[in-house]
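Asks:
In the numbering used here, the protein residues as written are 48 to 453.
1. Please identify the residue among 431, 398, 373 and 368 whose C-alpha is closest to the C-alpha of residue 112.
2. With burial defined as no fewer than 16 other Cβ atoms inside 10 Å of the residue's Cβ, what is the status of residue 279: buried or exposed?
3. Enumerate in chain order the residues of its own chain whose CB-to-CB distance from residue 277 is below 6 Å, with the five nearest sequence positions on each side excluded.
4. Below 8 Å on the Cβ atoms is my contact criterion, and I expect residue 296 with residue 288 to pass it. Report the Cβ-Cβ distance as a whole number of Å.
5. Contact between the segment 167-177 and the segment 150-158: three or more CB pairs below 8 Å?
6. What residues in its chain sit with their C-beta under 7 Å from that of residue 321, if we drop five residues either side in the sequence?
7. If you draw a straight line from the alpha carbon of residue 441 to that of residue 272, how long is it in whole angstroms?
8. How about the segment 338-353 and the segment 311-326: do they share at least three Cβ pairs that are nearer than 8 Å?
9. Assuming residue 382 and residue 110 make a contact with CB atoms under 8 Å, what is their CB distance in whole Å?
10. My output table needs one value for residue 176: the three-state DSSP class, helix, strand or coil.
11. Can you have a look at residue 71 and say buried or exposed, based on whether 16 or more other CB atoms are within 10 angstroms of its CB?
12. Excluding five sequence neighbours on each side, which residues of the same chain lie with their C-beta closer than 6 Å to the C-beta of residue 209?
13. Excluding five sequence neighbours on each side, which residues of the same chain lie with their C-beta closer than 6 Å to the C-beta of residue 93?
14. What are the partner residues of residue 288, as DSSP defines its beta bridges?
15. Can you list, in chain order, the residues of its chain whose CB lies under 7 Å from that of residue 68, leaving out five sequence neighbours each side?
16. If we ignore side chains and look at the alpha-carbon of each, how far apart do residue 254 and residue 444 end up?
17. Report the residue from 141, 303 and 102 whose alpha carbon sits nearest the alpha carbon of residue 238.
18. Looking only at its chain, what residues have a beta carbon closer than 7 Å to the beta carbon of residue 226, apart from the 5 residues adjacent to it on each side?
19. Going by the beta-carbon positions, is the gap between residue 138 and residue 164 smaller than 8 Å?
20. For a test of the three-state rule: what should DSSP assign to residue 237, helix, strand or coil?
21. Assign residue 394 to buried or exposed, taking buried as 16 or more other Cβ atoms, counted over all protein chains shown, within 10 Å of its Cβ.
22. When DSSP labels each residue in this structure, what does residue 116 get in the three-state scheme?
23. With a 10 Å radius around its C-beta and 16 neighbouring C-beta atoms as the bar for buried, classify residue 261 as buried or exposed.
24. Mind checking residue 439: buried by the 16 CB within 10 Å criterion, or exposed?
25. Below 6 Å CB to CB, which residues in the same chain sit around residue 427 once its five sequence neighbours on both sides are set aside?
26. Residues in the same chain with beta-carbon distance under 7 Å from residue 216, minus the five sequence neighbours each way, listed in chain order, please.
27. Count the other CB atoms within 10 Å of the CB of residue 293; is the residue buried (16 or more) or exposed (fewer)?
28. Going by DSSP, which residues form a beta bridge with residue 357?
29. Report buried or exposed for residue 356, applying the criterion of at least 16 other Cβ atoms within 10 angstroms of its Cβ.
30. For a test of the three-state rule: what should DSSP assign to residue 166, helix, strand or coil?
31. When you compare only the Cα positions, how much space is there between residue 437 and residue 184?
32. Less than 7 Å between C-beta atoms, sequence neighbours within five positions excluded: which residues of the same chain meet that for residue 141?
33. DSSP on residue 147, reduced to helix/strand/coil?
34. With distance defined between alpha-carbon atoms, name the residue in 82, 187, 115 and 129 nearest to residue 76.
35. Determine, using beta carbons only, whether residue 352 and residue 324 come nearer to each other than 8 Å.
36. Quick check: the segment 95-107 against the segment 392-407, are at least 3 beta-carbon pairs closer than 8 Å?
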């Protein structure tokens, strides 16, 4: 049976009516599928991810996926159409955020939820305009152009209070925890300072890609002051998410491809280190995860400064990452190739299982959080994503049981 777009909306609304939990105040939009995290009665799922992040004993490898909530899911596309809202409008309503956050948990047997949000809510809270023109991704249409612009943003936000400027996000975190219950932990997140700076002076991921480096070269003092402000704001934002209910924190330094290694070490790394030390001081029991995409060469330094989990992109050498994890006593996260979840790029369930096994053998099933080496793009096949999640659980359980018998 092939349903048109409106038929999908009608079908999901009808299914949701029979899906209301006892005592719930509103029905979820998408149904809870058998075998999904929200259908599970396995109490171990409530802290499996946290145990793995802290290097504790696990019975199987936990798994989640970058951008697991969103446009690759038909229920997300139907919900957007049903609500009549665009992406940014969804982010402004905690009820929408909670619904979309939980959708992948109702489909897949994932071991964590991650707040449905965007990295650019931070610049938005600092007074930077953010838009999402159709088909072009989220953008800063009027990027900062001069040293005076940098000074203005810093001066205008010296007393910025994230509890006010990002209150809608924090309200969403609390609501998600309420709706999620004890099924799985909730991950809060933010972009790291260099990534935010990159967008604020460049406007988008694909345009003006040299602006960030140029500003660091031409306006070092003003750039440094803005990076320091962003560091302070991200610390407060991440900490506020924990206070609102987030049980793990993920920091994304996503624009490592657009900064030289010397400047990465001189400008981005010290601020990543400061955030780790301060967040671990405030929240010592909350696992802290970091993804320095396209710059994982700084993972040894990140391990040394307090991050519990180092994320690997698709290019990271797995053997070296495993050796680092064992040497530093940290966990690693990654790094399945998301291209294998796309039928158009040759993805099949058999290939997904084979490559999942190869990843688990290379990285080891413990001190590992299985994830992707990059985010879902929207054209992935949900059946292949489900095959990946299930393969991680099945294969890692067999491997760990075998280790226990040795």
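In this text, a Cβ means the ideal position worked out from N, Cα and C, and glycines have one as well.
Replies: Taking the definition as stated:
1. Here residue 112 corresponds to residue number 65 of the chain shown, with the count starting at 1. For residue 112, the nearest C-alpha among the options comes from 431.
2. Position 232 of the chain shown, counted from the first residue, corresponds to residue 279. Answer is buried; the Cβ neighbour count reaches 16.
3. Looking up residue 277 in the chain shown gives position 230. So the list reads 240 and 243, once near-sequence residues are dropped.
4. As a working mapping, residue 296 is identified with position 249 in the chain shown. As a working mapping, residue 288 is identified with position 241 in the chain shown. Yes, residue 296 and residue 288 are in contact; Cβ-Cβ is about 7 Å, under 8 Å.
5. no
6. Within the chain shown, residue 321 is the residue found at index 274, counting from 1. Around residue 321: 278.
7. Mapped onto the chain shown, residue 441 falls at position 394. Mapped onto the chain shown, residue 272 falls at position 225. Going from the Cα of residue 441 to the Cα of residue 272 covers about 49 Å.
8. yes
9. Mapped onto the chain shown, residue 382 falls at position 335. Mapped onto the chain shown, residue 110 falls at position 63. About 12 Å separates the two Cβ atoms, so there is no contact after all.
10. On the chain shown, residue 176 is found 129 positions in, with the first residue counted as 1. It is coil, neither helix nor strand.
11. Within the chain shown, numbered from 1, the residue matching residue 71 stands at position 24. Its pLDDT being 40, under 50, residue 71 is placed unreliably by the model, and nothing is read from it.
12. Position 162 of the chain shown holds residue 209. Cβ within range, chain order: 283, 284 and 287.
13. Reading the chain shown from its first residue, position 46 is the one you call residue 93. These residues qualify, in order along the chain: 229.
14. Here residue 288 refers to the residue found at position 241 when the chain shown is read from its first residue. BP columns for residue 288 are empty, so no partner.
15. Along the chain shown, read from residue 1 onward, the residue named residue 68 stands at position 21. In this prediction, residue 68 has a pLDDT of 39, which is less than 50 and means its spatial position is unreliable; what the coordinates show is noted afterwards. Excluding sequence neighbours, residue 68 sits near nothing in its chain.
16. Residue numbering aside, residue 254 sits at position 207 when the chain shown is read from its first letter. Residue numbering aside, residue 444 sits at position 397 when the chain shown is read from its first letter. Going by the C-alpha atoms only, they are around 44 Å apart.
17. For the purposes of this step, residue 238 is identified with residue 191 of the chain shown, where counting begins at 1. Taking only the C-alpha atoms, the option nearest residue 238 is 303.
18. Here residue 226 is taken as the residue at index 179 of the chain shown, counted from 1. 145 and 149.
19. Walking along the chain shown from the start, residue 138 turns up at place 91. Walking along the chain shown from the start, residue 164 turns up at place 117. Yes; because the gap between Cβ atoms is below 8 Å, this pair is in contact.
20. As a first step, residue 237 is located in the chain shown; it is residue number 190 there, counting from the start. If DSSP states are grouped into helix, strand and coil, residue 237 belongs with the strands.
21. In the chain shown, the residue the question calls residue 394 occupies position 347. By the 10 Å Cβ count, residue 394 comes out buried.
22. Your numbering for residue 116 matches position 69 in the chain shown. Looking at residue 116 - three-state DSSP - the assignment turns out to be coil, as it is neither helix nor strand.
23. Working through the chain shown from its first residue, we reach residue 261 at position 214. Per the 10 Å Cβ criterion, exposed.
24. Here residue 439 refers to the residue found at position 392 of the chain shown. Flag for residue 439 reads buried.
25. Against the chain shown, residue 427 aligns to sequence position 380. The answer, listed in chain order, is 119, 388 and 389.
26. Mapped onto the chain shown, residue 216 falls at position 169. Same-chain partners within the cutoff: 164 and 168.
27. Within the chain shown, the letter at position 246 stands for residue 293. Residue 293 is buried by the Cβ-count criterion.
28. Counting from one through the chain shown, the residue named residue 357 turns up at place 310. Per DSSP, 337 and 379.
29. In the chain shown, residue 356 corresponds to position 309, counting from 1. The residue in question, residue 356, is buried, as its Cβ has 16 or more Cβ neighbours within 10 Å.
30. By one-based count along the chain shown, residue 166 stands at place 119. Residue 166 falls in the coil class under three-state DSSP.
31. What you label residue 437 is simply residue 390 of the chain shown in a count that begins at 1. What you label residue 184 is simply residue 137 of the chain shown in a count that begins at 1. For residue 437 and residue 184, the distance between alpha carbons rounds to 31 Å.
32. In the chain shown, the residue the question calls residue 141 occupies position 94. Once the five neighbours on either side are set aside, the close Cβ partners of residue 141 are 215, 218, 219 and 222.
33. Numbered from its first residue, the chain shown carries residue 147 at position 100. Correct three-state label for residue 147: helix.
34. On the chain shown, residue 76 is found 29 positions in, with the first residue counted as 1. When only C-alpha atoms are compared, the closest one is 129.
35. Within the chain shown, numbered from 1, the residue matching residue 352 stands at position 305. Within the chain shown, numbered from 1, the residue matching residue 324 stands at position 277. Yes, these two residues count as a Cβ contact at 8 Å.
36. no
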